[in-house]
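Each protein sequence line maps, in turn, to chains A and B. Just add 41 to the spot in the first sequence (first one is 1) and you have the working numbering. Just add 153 to the spot in the second sequence (first one is 1) and you have the working numbering. Each residue gets a CB set at the ideal place from its N, CA and C atoms; glycine is no exception. Computed from a predicted model, the values in this text were never measured in an experiment. Heads up, the thing below is written out as structure tokens.
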Amino acid sequence: GEDVEQSLFLSVREGDSSVINCTYTDSSSTYLYWYKQEPGAGLQLLTYIFSNMDMKQDQRLTVLLNKKDKHLSLRIADTQTGDSAIYFCAVGVEDTGRRALTFGSGTRLQVQP
Amino acid sequence: DSGVTQTPKHLITATGQRVTLRCSPRSGDLSVYWYQQSLDQGLQFLIQYYNGEERAKGNILERFSAQQFPDLHSELNLSSLELGDSALYFCASSARQGSYYGYTFGSGTRLTVV
């Protein structure tokens, strides 16, 4: 089945850019998402990209997809202390519902003032 | 508020017991997914229902079962509980059967088995 890998921890200073990386194994992955989890809360969908796209920008968030290397990244510009959270990469293969989204183990982003 | 409601928020129970976790999906969503989040295993997919029928199965133990009712709410039943079942259990919903729109998550039920 699909395997999704993320680094566990990232620390940045307030105002800097953060880049969170994710790799996946299934080359037929079609839908790729980034979720944010704050302490004591559920997962909140931040942004997404489809496999026919290379990049998507949404305000301070930029998602890059390298299909050849099966690599996905999330860049947060001008990182704020409120961005401190766990960020999950999630990958979906198709839309028939036979396989649910596979999540990475999450990257804990710590933003230092 | 995401629109996905999970109850209870916290549950403490003893080993060997049985509990039921409840989830009401976002209005209009037909799919319900259950995930288990533990410290050492990340977010693991358990099971999916679509409009009352089981659609996909993940790493769900035989001691666990789920169902989706005609009003689309879902229940996850955990029996013969072990210490290792302590985790956050998330329910998520989506409008379609598959992944296209991503999922909307509830705030989870924290289960502690003592």
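- Query: Is any beta-carbon of chain A found at less than 7 angstroms from that of residue 264/B?
  - Reply: Numbered from 1 along the second sequence, position 111 holds the residue referred to as residue 264/B. Taking Cβ atoms only, chain A never reaches closer than 7 angstroms to residue 264/B, which makes this a no.
- Message: I need the DSSP call for residue 88/A, collapsed to helix, strand or coil.
- Response: Here residue 88/A corresponds to residue number 47 of the first sequence, with the count starting at 1. In the three-state reduction of the DSSP assignment, residue 88/A falls in the strand class.
- Query: Does DSSP put residue 67/A in a helix, in a strand, or in coil?
  - Reply: For the purposes of this step, residue 67/A is taken as residue 26 along the first sequence, with counting starting at 1. It is coil, neither helix nor strand.
- Identify, in the order they occur along the chain, each residue of the same chain with its Cβ nearer than 6 angstroms to the Cβ of residue 144/A, setting aside the five sequence neighbours on each side. Your numbering for residue 144/A matches position 103 in the first sequence. Here the set comprises 129 and 131.
- Task: Return the chain-ordered list of same chain residues with a C-beta closer than 7 angstroms to the C-beta of residue 71/A, the five sequence neighbours on each side being excluded.
- Result: Within the first sequence, the letter at position 30 stands for residue 71/A. 91, 92, 133, 134 and 135.
- Query: Would a check of beta-carbon distances place residue 144/A closer than 7 angstroms to chain B?
  - Reply: Counting from one through the first sequence, the residue named residue 144/A turns up at place 103. Judged by the 7 angstroms Cβ criterion, residue 144/A is in contact with chain B.
- Taking 7 angstroms as the CB-CB limit, is residue 261/B close to chain A? The count along the second sequence starts at 1 and reaches residue 261/B at position 108. Cβ-Cβ to chain A under 7 angstroms: yes for residue 261/B.
- Message: According to DSSP, simplified to helix, strand and coil, what is residue 238/B?
- Response: Taking the second sequence and counting its residues from 1, the one referred to as residue 238/B is at position 85. Helix.
- Query: In whole angstroms, what is the alpha-carbon distance linking residue 161/B and residue 228/B?
  - Reply: Residue mapping note: residue 161/B aligns to position 8 of the second sequence, counting from 1. Residue mapping note: residue 228/B aligns to position 75 of the second sequence, counting from 1. If you take the alpha carbons of residue 161/B and residue 228/B, they lie about 11 angstroms apart.
- Task: Specify the secondary structure class of residue 168/B as computed by DSSP and reduced to three states.
- Result: Along the second sequence, read from residue 1 onward, the residue named residue 168/B stands at position 15. Residue 168/B: coil per DSSP, three-state reduction.
- Query: Between 265/B, 169/B, 219/B and 264/B, which lies nearest to residue 203/B when the distance is taken from Cα to Cα?
  - Reply: On the second sequence, residue 203/B is found 50 positions in, with the first residue counted as 1. The option with the nearest alpha carbon to residue 203/B is 219/B.
- Hey, would you say residue 185/B sits closer than 7 angstroms to residue 246/B, going by beta carbons? In the second sequence, residue 185/B corresponds to position 32, counting from 1. In the second sequence, residue 246/B corresponds to position 93, counting from 1. Yes, the pair counts as a contact, with Cβ atoms nearer than the cut-off.
- Quick one: what's got a C-beta closer than 6 angstroms to residue 209/B's C-beta in the same chain, skipping five residues either side? In the second sequence, counting from the first residue as 1, residue 209/B sits at position 56. When the five nearest sequence neighbours on each side are left out, the beta carbons in the same chain lying within less than 6 angstroms of the beta carbon of residue 209/B are those of 201, in order along the chain.
- Message: Please tell me whether residue 141/A has its Cβ less than 7 angstroms away from any Cβ of chain B.
- Response: Stepping through the first sequence from its first residue, residue 141/A is reached at position 100. Cβ-Cβ to chain B under 7 angstroms: yes for residue 141/A.
- Contacts of residue 129/A in chain B (Cβ-Cβ under 8 angstroms): For the purposes of this step, residue 129/A is identified with residue 88 of the first sequence, where counting begins at 1. 196, listed in chain order.
- For residue 133/A, which three-state DSSP category applies? For this step, residue 133/A is matched to residue 92 along the first sequence. Residue 133/A: strand per DSSP, three-state reduction.
- Task: Excluding the 5 residues preceding and the 5 following residue 64/A in the sequence, name in chain order all residues of the same chain whose CB lies nearer than 7 angstroms to its CB.
- Result: Here residue 64/A refers to the residue found at position 23 when the first sequence is read from its first residue. Cβ within range, chain order: 46, 111 and 112.
- Task: Between the Cα of residue 236/B and those of 197/B, 171/B and 205/B, spot the shortest distance and give me the residue it belongs to.
- Result: Taking the first residue of the second sequence as 1, we reach residue 236/B at position 83. Residue 236/B has its Cα closest to that of 171/B, out of 197/B, 171/B and 205/B.
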